[in-house]
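Asks:
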Amino acid sequence: MQVDQKPWLSSYPEPVSKSVETPEQPLPYFLEKSAKEFPDREAVHFMGKRITYRQLLDEVYRMARALKSIGVQRGERVSIMMPNSPQSVIAYYAVLMIGGIVVNTNPMYKERELEHQLQDSGAETILCLDLVYPQVEKVRPKTDLKRILVTGIQDYLPFPKNMLYPLKLKKDGVKPDITVGDGVYSLTKLLKEASSQPVKFEIVSMDDVALLQYTGGTTGLAKGAMLTHRNIVVNVVQCNTWLHKPEQGKEKMLGLVPFFHVYGMTVVMNFAVYKAATMILLPRFNVEDTLKAIHKERPTLFPGAPTMYVALVNHPLTAKYDLSSIEACISGSAPLPLNVQEKFEELTGGRLVEGYGLTESSPVTHANPIWGKRKNGSIGLPWPGTDCRIVDPESGEELEIGETGLLQVRGPQVMKGYWNREEETAKTLQDDWLNTGDIAKMDSEGYFYIMDRQKDMIIAGGFNIYPREVEEVLYDHLKVQEAAVIGVPDSYRGETVKAFIVPKPGEEITEAEMNTYCREKLANYKVPRIYEFREELPKSSVGKILRRVLVEEEKKKRQQNKEVSTGS
1 MQVDQKPWLS SYPEPVSKSV ETPEQPLPYF LEKSAKEFPD REAVHFMGKR
51 ITYRQLLDEV YRMARALKSI GVQRGERVSI MMPNSPQSVI AYYAVLMIGG
101 IVVNTNPMYK ERELEHQLQD SGAETILCLD LVYPQVEKVR PKTDLKRILV
151 TGIQDYLPFP KNMLYPLKLK KDGVKPDITV GDGVYSLTKL LKEASSQPVK
201 FEIVSMDDVA LLQYTGGTTG LAKGAMLTHR NIVVNVVQCN TWLHKPEQGK
251 EKMLGLVPFF HVYGMTVVMN FAVYKAATMI LLPRFNVEDT LKAIHKERPT
301 LFPGAPTMYV ALVNHPLTAK YDLSSIEACI SGSAPLPLNV QEKFEELTGG
351 RLVEGYGLTE SSPVTHANPI WGKRKNGSIG LPWPGTDCRI VDPESGEELE
401 IGETGLLQVR GPQVMKGYWN REEETAKTLQ DDWLNTGDIA KMDSEGYFYI
451 MDRQKDMIIA GGFNIYPREV EEVLYDHLKV QEAAVIGVPD SYRGETVKAF
501 IVPKPGEEIT EAEMNTYCRE KLANYKVPRI YEFREELPKS SVGKILRRVL
551 VEEEKKKRQQ NKEVSTGS
């Protein structure tokens, strides 16, 4: 099949456009536009705090001026280590406004992970939550950090929550002691002292890098995908083209997917600002809090991950809440089980479809039509302006419809490359085609199907986990001789992490011991949930541990257990 045939175009529902135009305006422009057209429209709802678009833009201007006042320059990398909150939105747009580069940083990172990202990006400034300040301070001497801006959840809570929240933290013994000075700043103090006068954008080109989004990519350790203003803006416009029914200035977006994840950043935050929609933000996913938020605040759009929908449809209290405001949801980050899709649609009366993307493509490349024909098990159709092809993984030759091979994509949302990783960039981007690393096939109507996830990557609860990183932590344990990590099916997380460990001769290791150790070294979602201790691991003739053999062994075990349970 030749890409110019693009059979998916004939499957587009009306009125989805077959092409996409990229506005020659950087990301902050759309915040200014929404604030001008809908100044009194609620932009953010956060635990009772309500911020209009006029107020949000004022705060962004203040933040931009505050950053400049402490020496942040155009082109500098600024880390944002926050859960979903008003501060994360404000900082994101302020950094971009002054021509800075956002480095999205997971607040769940442990010191080791944080140190790598800060060292690699060369970030000199970080905005962090007060609760994670101690680990930022610990890694500071090993990085280029000059400025640490600290804020707390209470800083944007309404009265009396803003008074009670710090007291609760102190009572629980988790309120850190922070001394302002020596490059440590209070965000609230900086904003109070800064002017809210409009800021002239310092973005020279749409091809300026807006974001370093860290990912393991299709191979190896975490790398920063360089996403430009053009990349991100066009993906938002593609999203708007696909979700053609939502109206400007009238929608409410449930903001559960973390903004430090590229999916949440684009499909929740940036798309909401583009549509002048209200973002209903929750700093973490809790089933009951989510049910209450939907019932009370009436969101119309709910991008999420399969684990969120799984938890909601299975919770015993779900039936007590009215979820009927939900009109459209795109599920990303992991495969969506069909029974979950059906149950969620029955509960809400809305539409839930599966999509697909990668960090390197800002992220969305495919989705099933929300109001149109969808196919079970399919990731849907390529979005407008996106080319796709299936090639032979060895020869690179393009394959025919229905044949299985490597999925490649290209389009204006595909990254500029990896930060300071020319060799990795060359492997992943070839003649503008992005090698996804996923094995897939396409049917005659242009619907794509992922047949096998990236060779070794584990996707648990929507998070990408790379076995090599977890294995390196395991190998650092004094009692571990060999280790291998794979993903195994999990009814809630989609996949979960299983570790195979060979202890050193004469040593005994317990599961509890390894669990405690890993929780000190890894973000919670990366910690193995299952351990198996063995005398040896399968290896190739040159001594390479064969993960694929372990994967096959697990498949056989599940099949045997299934046969025993069914009596077949």
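So the sequence shown is numbered by full-length UniProt numbering: it starts at 1 and just counts up by one. Glycine included, C-beta positions come from ideal geometry on N, C-alpha and C. Values in this document were obtained by computation on a predicted structure and should not be read as measured data.
(1) List the residues that DSSP assigns as beta-bridge partners of isoleucine 530.
(2) Mapping DSSP to helix, strand and coil, what is arginine 374?
(3) Sorted by chain position, which residues of the same chain lie with C-beta nearer than 7 Å to valine 542's C-beta, five sequence neighbours on each side aside?
(4) Give every residue of the same chain whose Cβ lies closer than 6 Å to the Cβ of valine 374, excluding the five residues on either side of it in the sequence, and list them in chain order.
(5) Taking all protein chains shown into account, decide if lysine 555 is buried (16 or more other Cβ within 10 angstroms of its Cβ) or exposed.
(6) Identify whether lysine 49 lies in helix, strand or coil by the three-state DSSP scheme.
(7) Going by alpha carbons, who is nearest to leucine 254 out of Met269, Glu247, Trp242 and Gly122?
(8) Taking Cβ positions, are valine 20 and threonine 241 nearer each other than 8 Å?
(9) Can you list, in chain order, the residues of its chain with a C-beta nearer than 7 Å to that of tyrosine 156? Leave out the 5 residues immediately preceding and following it.
(10) Nearest to glutamate 471 by alpha carbon, out of Thr22, Ser444 and Asp456?
(11) Thinking just about the alpha-carbon of each residue, which of Glu397, Glu495, Gly405 and Ser362 is nearest to the one in asparagine 104?
(12) On the three-state DSSP scale, how would you describe valine 551?
(13) With 16 as the cutoff for other CB atoms within 10 Å, does arginine 410 come out buried or exposed?
(14) Answer with buried or exposed for leucine 167, where buried requires no fewer than 16 other C-beta atoms within 10 angstroms of its C-beta.
(15) I'd like the ranges of any beta strand (DSSP E) spanning at least 3 consecutive residues and lying wholly in the segment 130-208.
(16) Run through the DSSP bridge pairs and tell me what lysine 223 is partnered with.
(17) Should proline 384 and glutamine 197 be called a contact, given that it needs their Cβ atoms to be closer than 8 Å?
(18) Take the Cβ of alanine 194 as the centre, count every other Cβ of all protein chains shown within 10 Å, and call the residue buried at 16 or more, exposed below.
(19) Is it right to say tyrosine 92 is buried, meaning 16 or more other beta carbons lie within 10 angstroms of its own, or is it exposed?
(20) Histidine 366 to isoleucine 379, Cα distance in whole Å?
(21) Looking at C-beta atoms only, is the number of pairs between the segment 415-426 and the segment 442-449 that lie closer than 8 Å three or more?
(22) Does the beta-carbon of arginine 468 have 16 or more other beta-carbons within 10 angstroms, so that it is buried, or is it exposed?
(23) Contact between the segment 523-531 and the segment 100-116: three or more CB pairs below 8 Å?
Replies: Checking against the coordinates, here is how it stands:
(1) Lys498
(2) coil
(3) Unreliable positioning characterises valine 542 in this predicted model, as indicated by a pLDDT of 49, which lies under 50. The coordinate reading is nonetheless provided below. Hits under 7 Å: none found.
(4) In the sequence on display, residue 374 carries arginine and not valine. Excluding residues within five positions, the ones whose Cβ falls inside 6 Å are Val353 and Asn368.
(5) exposed
(6) strand
(7) Met269
(8) yes
(9) Phe46, Lys49, Ser85, Pro86 and Gln87
(10) Asp456
(11) Ser362
(12) The answer is helix: DSSP assigns valine 551 an H, G or I state.
(13) buried
(14) exposed
(15) 147-151 and 184-186
(16) Thr215
(17) no
(18) buried
(19) buried
(20) 6 Å
(21) no
(22) The residue in question, arginine 468, is exposed, as its Cβ has fewer than 16 Cβ neighbours within 10 Å.
(23) yes
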